[in-house]
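Participant: Residue numbering for the sequence shown follows this note's numbering, starting at 21 and increasing by one per position. For each residue, glycine too, the CB sits at the ideal point set by N, CA and C. A quick note: this is a predicted structure, and the numbers were derived from the prediction, not measured.
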Amino acid sequence: MIDPNTESLLSLTEATKRLPRRRAGKRPNVSTLYRWSIAGCRGVILETIQVGGTRCTSREALARFFHRLTDPRQCGAGRTETPRRHARRRQREIAAANRYLDREGL
């Protein structure tokens, strides 16, 4: 958890500027960091904190996030922390198919 009293807060936009360049020499988009904070990456969630109307992270939170991605077994993180989005969508589709079959009497 981010402690705003002891950690260096960065808006997600500022945080993208502190990350290394990736494909084609571009930095990650702010939407990438937002996605990491909501859905995670390989089961690891980027810690964020809401400061007024701005979602922020910290240098320390970024370091923890990348450390957990590098060695998830050591940090106790794994794929089970965050349900995969497509698994939830699959469950909804199965439920919809079952309702359809029930309606049709099949």
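1) Could you tell me which of Leu39, Leu89 and Ala81 sits nearest to serine 28, measuring between CA atoms?
2) With a Cβ-Cβ cutoff of 8 Å, do threonine 68 and serine 57 count as a contact?
3) Identify, in the order they occur along the chain, each residue of the same chain with its Cβ nearer than 7 Å to the Cβ of cysteine 66, setting aside the five sequence neighbours on each side.
4) Residue range of the beta strand (DSSP E) that threonine 77 falls in?
5) Going by other Cβ atoms of all chains shown within 10 Å of its Cβ, with 16 needed for buried, is valine 187 buried or exposed?
6) With a threshold of 8 Å on Cβ separation, who are the neighbours of glutamate 124 within its own chain once the five nearest residues in sequence on each side are excluded?
7) Within the same chain, show all residues whose beta-carbon is closer than 7 Å to that of alanine 116, passing over the 5 residues directly before and after it, in chain order.
8) Using a Cβ-Cβ cutoff of less than 8 Å, which residues in the same chain neighbour aspartate 91 once the five nearest sequence positions on both sides are dropped?
9) DSSP three-state label for leucine 13, please.
Facilitator: Working from what's here:
1) Ala81
2) yes
3) A small fix is needed here, since residue 66 is leucine in this sequence, not cysteine. Closer than 7 Å at the Cβ level, and outside the excluded window around leucine 66, lie Leu53, Trp56, Ser57, Thr77, Ala81 and Phe85.
4) 74 to 78
5) It is not possible to answer for residue 187, since the shown part of the chain is limited to 21 through 126.
6) none
7) none
8) none
9) The first residue shown for the chain is 21 and the last is 126, placing residue 13 beyond what the model contains.
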